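Per the numbering used here, the very first residue in the sequence shown carries number 35; after that it's consecutive. We put the beta carbon where it would ideally sit given N, CA and C, even for glycine. On a predicted model such as this, the values are computed, not experimentally measured, just so you know. In what follows, a structure is listed as structure tokens, so that the remarks can point back to it.
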Amino acid sequence: MARPDLVCTPVRTPMIAPSILAADFARMGEACAGVLALGADMLHLDVMDGHFVPNLTMGPDMCAGLRRAFPDALLDVHLMVTDPAKFITPFAKAGADLCTFHIEAVSGKAADDLILAIRDQGMAAGLAINPGTPAEAVWPHVETVDMALVMSVNPGYAGQAFIEDVLVKTRAIRGRLRADQRLEMDGGIGPKNAQKVREAGCDVLVAASALFGAPPEARAGVIQALRG
Ligand code: DX5
Ligand code: ZN
């Protein structure tokens with residue numbers, strides 16, 4: 035069966051992307067199966083290298099394991115690493131559908147080349163921007179990516195507080211995206227602020243602690259609240 039496409043649902047129907055960073059790593063398969071069964075649209079994999087961000091998390095082997103376990107799931111890889119180019123082929127081989135890198139890590143012609151390299155490997159390309167970086171940083175590339183990702187926390191850890199100020203920049207970025215491009219927001223999102231996130235134009239909502247921090251029986255309600 036073909037894997038779901040990034041734009042498989044009508045554009046701007048919010049897609050929910052559980053970040054497995056807050057799942058129980060000893061029960062990863064069970065945690066992912068649970069949220070996918072509840073209608074989550076993709077799995078969000080937070081890849082950290084201990085350099086671009088202070089934390090270390092997961093790599094291509096986690097992606098490959100999830101691909102084996104969930105052949106039809108959309109795997110959304112968020113590269114919080116200093117040298118994302120090094121990891122494009124390993125993640126493509128591991129079955130990633132979407133690879134997002136940070137403009138703070140790679141910019142200019144190297145960013146254009148990286149977007150092409152991601153596509154050449156059969157994946158969709160995403161470009162992420164940190165809370166403190168002005169929207170202008172992504173203007174040179176915003177037309178060519180499949181998805182923009184606005185961070186609503188400083189990347190590195192799950193469970194941080196949502197930075198509301200990023201909503202202004204988010205609206206500006208949405209204004210520059212075509213209908214076939216997605217806008218993802220990541221960090222501190224939960225049922226209480228999801229509406230603001232959607233109203234700013236985001237159509238992919240990442241949630242780690244709001245979802246996996248809730249007991250399994252409450253997760254359907256969380257997904258519903260995030261989707262609105
Ligand atoms: C943060 C990661 C996020 C994180 C979100 O650096 O990119 O995806 O897991 O966690 P919550 O939803 O708990 O803020
Ligand atoms: Zn993330």
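Residue i - DSSP class collapsed to helix/strand/coil
i, result
"Glu233", "helix"
"Ala159", "strand"
"Pro249", "coil"
"Arg212", "coil"
"Ile223", "coil"
"Ala36", "Model confidence at Ala36 stands at a pLDDT of 40, short of 50, so the residue's coordinates are unreliable; what they give is reported in the following sentence. Coil at Ala36, not helix or strand."
"Ile197", "coil"
"Asp95", "helix"
"Met62", "helix"
"Ala254", "helix"
"Glu218", "strand"
"Leu70", "helix"
"Ser243", "helix"
"Leu108", "coil"
"Cys42", "With a pLDDT of 46 at Cys42, under the threshold of 50, the predicted position of this residue should be treated as unreliable, though the coordinate-derived value follows. Here Cys42 sits in coil by DSSP."
"Val202", "helix"
"Ala182", "strand"
"Ala51", "strand"
"Ala259", "helix"
"Pro81", "The question names Pro, but residue 81 is Val in the sequence shown. Strand at Val81."
"Val172", "helix"
Buried/exposed call for residue i, threshold 16 Cβ in 10 Å
i, result
"Met35", "With a pLDDT of only 32 at Met35, under 50, the local geometry of the prediction cannot be trusted, and no value is derived from it."
"Arg101", "buried"
"Ala169", "buried"
"Phe59", "exposed"
"Arg253", "buried"
"Met188", "It should be pointed out that residue 188 corresponds to Asn in this sequence rather than to Met. The residue in question, Asn188, is exposed, as its Cβ has fewer than 16 Cβ neighbours within 10 Å."
"Cys42", "With a pLDDT of only 46 at Cys42, under the threshold of 50, the placement of this residue in the model should not be trusted; the figure read from the coordinates follows. With fewer than 16 other Cβ atoms within 10 Å, it is exposed."
"Gly160", "buried"
"Asp117", "exposed"
"Lys203", "buried"
"Asp199", "exposed"
"His175", "buried"
"Arg212", "exposed"
"Gly129", "buried"
"Asp220", "buried"
"Gly222", "buried"
"Pro250", "exposed"
Expected contact under 8 Å - CB spacing of residue i and residue j to nearest Å
i, j, result
"His136", "Asp110", "Rounded, the Cβ-Cβ distance is 15 Å, inconsistent with contact."
"Leu245", "Val69", "7 Å"
"Ile149", "Val115", "The pair is not a contact, with the Cβ atoms about 16 Å apart (cut-off 8 Å)."
"Asp80", "Leu108", "That pair is no contact at about 15 Å."
"Gly190", "Pro88", "5 Å"
"Glu138", "Thr167", "6 Å"
"Gln215", "Met181", "6 Å"
"Ala192", "Leu55", "5 Å"
"Ile152", "Cys133", "5 Å"
"Phe125", "Pro105", "About 16 Å; that fails the 8 Å criterion."
Short CB-CB distance (under 9 Å) between residue i and chain B
i, result
"Ala162", "No chain B is part of this structure, which consists of one protein chain only."
*4-residue-minimum alpha helix (DSSP H) runs that sit fully inside the segment 115-164, ordered along the chain*: For the segment 115-164, whole alpha helix (DSSP H) runs of length 4 or above, ordered along the chain, are 122-127, 142-154.
*Report yes or no: do the segment 47-66 and the segment 236-248 share at least 3 C-beta pairs separated by less than 8 Å?*
Taking 8 Å as the limit for Cβ pairs, the verdict is that the segment 236-248 does touch the segment 47-66.
_Contact between the segment 174-192 and the segment 211-231 (3+ Cβ pairs under 8 Å)_ = Output reads yes: the segment 211-231 touches the segment 174-192.
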